[in-house]
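K.L.:
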Amino acid sequence: MEPVLHDQDRVQVRRQRKYRVGDILAVRLANGQLVCHRLLGKYFW
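Here the sequence shown is numbered in my numbering, starting from 43 and rising by one per residue.
1. Quick check on the DSSP output: the beta strand (DSSP E) that includes His48 runs from which residue to which?
2. Taking the alpha-carbon positions, what's the Gly83 to Leu71 distance?
3. On the three-state DSSP scale, how would you describe Ala68?
4. Assuming contact is defined by CB atoms lying nearer than 8 Å, are Gly64 and Leu47 in contact in what I supplied?
5. Beta-carbon within less than 7 Å of Val55's beta-carbon, same chain only, minus the 5 sequence neighbours each way: which residues are those?
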């Protein structure tokens, strides 16, 4: 499976009220690194 985003790709990020399965999320880690992942599911515990 090939990734949708590649190194050096540019993305536009905007905050949403709700996210759906299949959306690509950007998360800033504690060390400042920005990571993008696809939302595969929602789990509540």
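Ideal Cβ positions, reconstructed from N, Cα and C, are used throughout, including at glycine.
P.N.:
Result, derived from the coordinates:
1. Within the sequence shown, residue 48 is the residue found at index 6, counting from 1. Where His48 is concerned, there is no enclosing beta strand (DSSP E), given that its DSSP letter is neither H nor E.
2. Along the sequence shown, one-based indexing puts residue 83 at 41. Along the sequence shown, one-based indexing puts residue 71 at 29. When rounded, the distance between both Cα atoms is 20 Å.
3. By one-based count along the sequence shown, residue 68 stands at place 26. Ala68: strand per DSSP, three-state reduction.
4. Counting from 1 along the sequence shown, the entry for residue 64 is found at position 22. Counting from 1 along the sequence shown, the entry for residue 47 is found at position 5. No, the pair does not count as a contact, with Cβ atoms beyond the cut-off.
5. Along the sequence shown, one-based indexing puts residue 55 at 13. Correct list, in chain order: Ala68.
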